[in-house]
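With the first letter of the sequence shown counted as 1, position 392 gets the number 392 in the UniProt record's numbering; the numbers rise by one all the way through. First up is the structure itself, then whatever we jot down about it.
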Amino acid sequence: MKIARRTPFDGPPRFTAPSVFCAAPGKPFLYRIPVLGKRPIHLHVFGLPDGLSDSGDGILKGKPAVGIYPVTITAQNELGQTEHCLQLIVAEHCFRKPPIMGFCSWNAYGNNVTQEDILQTGRDMLRLGLADYGYGYVNLDSSWQGNCDPHGVIVPNEKFPDMKAMCDELHGMGFRAGIYSSPMRTAWGAPPGRDAIPGCTRGERDLRFAATMGGIGREHHERENALQWAQWGFDYLKYDWSPTDAVNADLMRRALWDSGRDFSYCVTVKAALEYADYWKTYCTAWRCCLDSNGTWDNLLSRILAYTPWKEHTGNGHYFDLDMLEFGEMSLFRSELTDDEKIVSYTARILLLSPIQLSCRIGGLTEFELDLICNEEVIALHQDGLMHAPTLIDADALLYTYRRPLENGDIALAFFNLSEQPRRASYVLPDRCSVRDVWRREDEGECTRLQYFLPPHTVKLLRLHQC
């Protein structure tokens with residue numbers, strides 16, 4: 001399947017920023033303005049709240065005051081000028097953000113990850129222009145842990161000599177930094193040479209959570225660890241255990257809220273549907289699907305796992321399809337074809353899953369870079385309406401999803417997840433102009449769509465009423 005080429009540093013300025021974003025009042029805020037185009041680009045920001053400033057490098061920093069602020073950003077280079085309007089909502093416990101885009105270390109480096117790996121990832125994301133497409137998080141998964149201090153605070157192992165310096169350097173590049181932990185007494189992902197690594201509880205096993213792998217301890221240290229992560233400068237937590245329950249999730253949620261830092265919060269790995277009201281109220285994202293492993297059957301199972309959650313996602317709370325499963329990785333070699341990689345990425349776009357690369361960024365192929373750097377595709381993911389998609393047809397693994405967009409357009413995707421060629425069709429309520437988003441090509445106007453889809457392919461469209 002043909003897709004358009006990326007052009008991160010060519011042409012006039014083009015913003016890839018969402019139209020709405022939120023922040024916590026009085027807590028450190030950082031946002032790198034994502035903008036494409038030929039360098040140098042001169043940015044000017046108007047309407048920032050008290051406490052926020054633009055240092056001239058395109059990174060907004062500070063501790064904002066409560067309010068709703070219409071912020072205007074202009075960008076100019078030798079080829080043109082453009083303007084972007086951003087509604088910045090500063091309120092306690094506000095979740096009005098599109099799904100995160102960034103990197104997670106697990107598939108890329110497994111339990112061998114080091115501090116230098118994390119920092120080099122950030123440098124490569126800047127060098128290749130990924131930050132300008134909106135990839136704003138660099139998240140460290142497990143294998144950073146050493147032992148616990150006498151207060152129950154998890155101490156980094158020798159591979160991470162200075163967590164604060166690492167976070168400071170990532171922040172200096174404009175990235176938010178993420179960390180991993182677990183409420184289990186023994187977390188998953190021990191580094192080489194260690195039999196076990198600590199989670200945030202210890203002591204006698206709490207029999208209320210007898211089914212939990214590794215066990216939950218009766219002695220809780222969520223608060224101490226959240227404070228430490230905040231002092232180091234982390235902005236995101238992946239909290240990992242199975243089965244994933246609301247009681248332990250809430251203990252950590254409260255600790256994060258009281259830490260003095262504005263954390264995005266993702267719980268994994270088996271967040272049951274029975275707790276859906278909790279997840280969609282208090283969590284940025286949650287997982288209830290298999291770990292990605294680079295095979296088609298695994299990808300299919302994770303896409304289908306979304307179906308019972310479709311009434312519970314959107315508006316700042318999202319079902320996580322797990323890390324992307326292509327690129328150069330330590331844990332496995334991806335078996336996905338190029339068409340299947342497009343299906344994988346498109347599923348995250350339409351279903352509003354977080355997008356986390358998990359490979360050696362410097363080793364991405366030209367096709368993979370084009371795949372993850374399509375500004376029109378990313379615009380659908382970061383759309384300010386944040387409305388969950390509607391499954392309008394499901395016929396023997398031919399799935400049709402429809403999602404309304406902020407400007408009144410419609411995002412429509414036909415997924416042929418079957419082993420046979422399929423004919424997909426859809427009758428439009430009104431005459432629409434049709435744009436193939438992956439190709440970035442117009443297809444004209446019509447009232448009925450009809451496509452022939454080979455197995456394991458997808459057609460992604462943007463429709464505009466004439």
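We treat Cβ as the ideally placed atom computed from N, Cα and C, and that holds for glycine.
Option nearest residue i by Cα separation, candidates the options
{"i": "E368", "options": "P28, S344, A379, L350", "result": "S344"}
{"i": "residue 479", "options": "F414, L371, T390", "result": "Any property of residue 479 remains undetermined from this structure, which presents the chain solely from 1 to 466."}
{"i": "residue 484", "options": "R32, F103, K2, L86", "result": "Past the boundaries of the shown model lies residue 484; the chain is included only from 1 to 466, so the question cannot be answered."}
{"i": "G56", "options": "K38, V66, Y31, K63", "result": "Y31"}
{"i": "D291", "options": "Y306, T281, V269", "result": "V269"}
{"i": "L227", "options": "F263, R440, G51", "result": "F263"}
{"i": "A272", "options": "A108, A165, T244, W188", "result": "T244"}
{"i": "I303", "options": "V45, C266, L397", "result": "L397"}
{"i": "Y451", "options": "D442, Y426, W438, E441", "result": "Y426"}
{"i": "I33", "options": "F46, I73, K27", "result": "I73"}
{"i": "K27", "options": "N107, K63, D50", "result": "K63"}
Separation of residue j from residue i, as counted between CA atoms
{"i": "I410", "j": "R462", "result": "6 angstroms"}
{"i": "W296", "j": "P150", "result": "46 angstroms"}
{"i": "E419", "j": "R14", "result": "39 angstroms"}
{"i": "G58", "j": "H84", "result": "13 angstroms"}
{"i": "R360", "j": "L140", "result": "13 angstroms"}
{"i": "T447", "j": "Q465", "result": "10 angstroms"}
{"i": "N147", "j": "P198", "result": "6 angstroms"}
{"i": "N77", "j": "L43", "result": "9 angstroms"}
{"i": "A249", "j": "A285", "result": "12 angstroms"}
{"i": "L300", "j": "F415", "result": "11 angstroms"}
{"i": "V267", "j": "E445", "result": "43 angstroms"}
{"i": "E204", "j": "P421", "result": "56 angstroms"}
{"i": "R153", "j": "N225", "result": "In the sequence as displayed, the identity of residue 153 is Val instead of Arg. Roughly 5 angstroms between the two C-alpha positions."}
{"i": "K238", "j": "P192", "result": "21 angstroms"}
{"i": "W188", "j": "N112", "result": "13 angstroms"}
{"i": "P40", "j": "E366", "result": "24 angstroms"}
{"i": "E219", "j": "F29", "result": "32 angstroms"}
Alpha helix (DSSP H) segment containing residue i, residue limits
{"i": "E375", "result": "375–381"}
{"i": "N225", "result": "222–232"}
{"i": "L256", "result": "246–257"}
{"i": "T281", "result": "276–282"}
{"i": "L299", "result": "296–305"}
{"i": "Y109", "result": "106–109"}
Delimiting residues of the beta strand (DSSP E) encompassing residue i
{"i": "Q81", "result": "80–90"}
{"i": "K341", "result": "Premise fails: K341 lies in the alpha helix (DSSP H), 338–350, not in any beta strand (DSSP E)."}
{"i": "E204", "result": "201–205"}
{"i": "G172", "result": "Per DSSP, G172 belongs to no beta strand (DSSP E); it is in the alpha helix (DSSP H), 163–173."}
{"i": "Y180", "result": "176–181"}
{"i": "C22", "result": "20–23"}
{"i": "L391", "result": "390–395"}
{"i": "P156", "result": "154–156"}
For residue i: DSSP bridge partner residues
{"i": "G363", "result": "Per DSSP, none; premise fails for G363."}
{"i": "G129", "result": "Paired residue(s): none; G129 is not in a bridge."}
{"i": "R14", "result": "L36"}
{"i": "E219", "result": "R202"}
{"i": "T72", "result": "F46, C85"}
{"i": "S425", "result": "Q450"}
{"i": "K61", "result": "L30, S53"}
{"i": "M101", "result": "I355"}
{"i": "I410", "result": "P404, L463"}
{"i": "Y265", "result": "L237"}
{"i": "K270", "result": "C288"}
Is the stretch 304–324 touching the stretch 433–442, taking contact as three or more C-beta pairs under 8 angstroms? no
When you compare the stretch 18–27 with the stretch 87–103, are there three or more beta-carbon pairs, one atom per stretch, that lie closer than 8 angstroms? A contact exists between the stretch 18–27 and the stretch 87–103.
Spell out a yes or no on whether the stretch 119–134 and the stretch 332–340 are touching, meaning 3 or more CB-CB pairs, one atom from each, closer than 8 angstroms. no
Below 8 angstroms, how does it come out for the stretch 157–170 and the stretch 222–241: are there three or more Cβ pairs, yes or no? yes
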